[in-house]
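K.L.:
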Amino acid sequence: MKNLFSKKIWLLVLILCFSHLSLFAKNLSFEANEGLSAGNSLFSVNLGGNFPFSTTDEKDMYGEDIEWGDYGLQFGAQYLFFISDNLALGFDFQRADFEETSFDLQYRDAYGTVIGTEELKIKTKTNNFMLAGRINILSNGDERLYVPIGIGVSQIKGKLKGPGGSISLNDSSLSGYFGLGVEADINQNFIFGFEGRINFSNFKKNSYDMDYNINYFSLLAKIGFKI
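Per our numbering, residue 24 is the first one in the sequence shown, and the count goes up by one each step.
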């Protein structure tokens, strides 16, 4: 219950921050321009939050919940080159940090009876290196609605701690994302927008025989520079 309340507070703060950023962008002087077209390059940086679809995303051999992380902070950068007015390709890097969470690992006898529990705490972070793309689906010049997509490699690092000590998590996995974004031109060169992504990856079993699917939603505010 405490974690759920903290998540709601975190999400509310994030929405309020993004709302203020949006009002700030509206008060800037917008100038009519050609938007983004074939031959343009777009450099952007972003900042926001990430929210696991479920902090009990995995189960052990007995069907008990296994946790891998809680909500956290995400930031990154992206380069795109527009090969047509509505299609761009490039590169994307994102760093996602997940707050520490805990869960009980159960031990059972041959009959399935619980004979003991062990509290484990885990905190993780991922570095995501992606081949990126985007497709503009609606555009009126200065404002655009688009679909971001990416596929690449994610590296997970973290620490799993228990009464008997701790083990380090260090692994890599094929990963990807897709989502929906909206942006507007501030002037001839600068862009401001928001982007929501669904991120997914899978990592091998660790020494506790756990297999992690790192699936989470990220909400990002971004500012870009186009040439």
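Note that beta-carbon positions come from the ideal geometry of N, C-alpha and C, so glycine has one too.
(1) For Tyr169, list the residues DSSP reports as bridge partners.
(2) For Ser64, which three-state DSSP category applies?
(3) With a cut-off of 8 Å on the beta carbons, I'd call Asn222 and Asn238 a contact; round off their distance for me.
(4) Suppose the cutoff is 6 Å on Cβ atoms and the five residues either side in sequence are ignored; what does the same chain contact list for Val176 look like?
(5) Are the beta-carbon atoms of Lys148 and Asp115 separated by less than 9 Å?
(6) Kindly indicate which residue of Phe76, Gln97, Gly72 and Ala111 has the alpha-carbon position closest to the one of Ser60.
(7) In the DSSP assignment, the beta strand (DSSP E) including Leu243 goes from what residue to what residue?
(8) When we look at the beta-carbon of Gly95 and count the other beta-carbons within 10 Å, is it buried (16 or more) or exposed?
(9) Reducing DSSP to helix, strand and coil, say where Gln211 ends up.
(10) Spell out the partners DSSP gives Ile221 in its beta bridges.
(11) DSSP state of Ile106, grouped into three classes?
(12) Would you identify the three-state DSSP class for Phe74, choosing helix, strand or coil?
(13) By DSSP, does Gly92 sit in helix, in strand, or in coil?
(14) Can you tell me the Cα-Cα spacing of Ile250 and Thr124, whole angstroms?
(15) Alpha carbon to alpha carbon, how far is Leu192 from Asp208? Give it in angstroms, no decimals.
(16) Please name the residue or residues paired with Leu192 in a DSSP beta bridge.
(17) Does DSSP classify Leu59 as helix, strand or coil?
(18) Using the three-state DSSP reduction, which class does Gly164 fall into: helix, strand or coil?
(19) In angstroms, rounded to a whole number, what distance separates the CA positions of Lys180 and Gly173?
P.N.:
Straight from the coordinates:
(1) By one-based count along the sequence shown, residue 169 stands at place 146. Paired residue(s): Asn159 and Gly204.
(2) Taking the sequence shown and counting its residues from 1, the one referred to as residue 64 is at position 41. The answer is strand: DSSP assigns Ser64 an E or B state.
(3) For the purposes of this step, residue 222 is taken as the residue at position 199 of the sequence shown. For the purposes of this step, residue 238 is taken as the residue at position 215 of the sequence shown. 7 Å between Cβ atoms; contact.
(4) Stepping through the sequence shown from its first residue, residue 176 is reached at position 153. Cβ neighbours of Val176 beyond the five flanking positions: Phe152 and Ser195.
(5) Within the sequence shown, the letter at position 125 stands for residue 148. Within the sequence shown, the letter at position 92 stands for residue 115. No. Outside cutoff.
(6) Counting from 1 along the sequence shown, the entry for residue 60 is found at position 37. Residue Ala111 is the option with its Cα nearest to Ser60.
(7) Your numbering for residue 243 matches position 220 in the sequence shown. Start and end: Tyr239 to Lys249.
(8) Position 72 of the sequence shown holds residue 95. So Gly95 counts as buried.
(9) Counting from 1 along the sequence shown, the entry for residue 211 is found at position 188. DSSP places Gln211 in coil when its eight states are reduced to three.
(10) For the purposes of this step, residue 221 is identified with residue 198 of the sequence shown, where counting begins at 1. Bridge partners of Ile221: Phe201 and Phe240.
(11) The residue you call residue 106 lines up with position 83 of the sequence shown. Ile106 falls in the coil class under three-state DSSP.
(12) As a first step, residue 74 must be located in the sequence shown, where it is residue number 51. Three-state DSSP puts Phe74 in a strand.
(13) Position 69 of the sequence shown, counting from 1, holds the residue named residue 92. Coil at Gly92, not helix or strand.
(14) Position 227 of the sequence shown, counting from 1, holds the residue named residue 250. Position 101 of the sequence shown, counting from 1, holds the residue named residue 124. Each residue's alpha carbon lies about 43 Å from the other.
(15) What you label residue 208 is simply residue 185 of the sequence shown in a count that begins at 1. What you label residue 192 is simply residue 169 of the sequence shown in a count that begins at 1. Rounded to the nearest angstrom, the two C-alpha atoms are 42 Å apart.
(16) For the purposes of this step, residue 192 is identified with residue 169 of the sequence shown, where counting begins at 1. Note: Leu192 sits in a beta bridge opposite Gly181.
(17) Residue mapping note: residue 59 aligns to position 36 of the sequence shown, counting from 1. Here Leu59 sits in coil by DSSP.
(18) For the purposes of this step, residue 164 is taken as residue 141 along the sequence shown, with counting starting at 1. In the structure shown, Gly164 sits in coil (DSSP, three-state: anything other than H, G, I, E or B).
(19) Residue mapping note: residue 180 aligns to position 157 of the sequence shown, counting from 1. Residue mapping note: residue 173 aligns to position 150 of the sequence shown, counting from 1. So the alpha carbons of these two residues sit roughly 21 Å apart.
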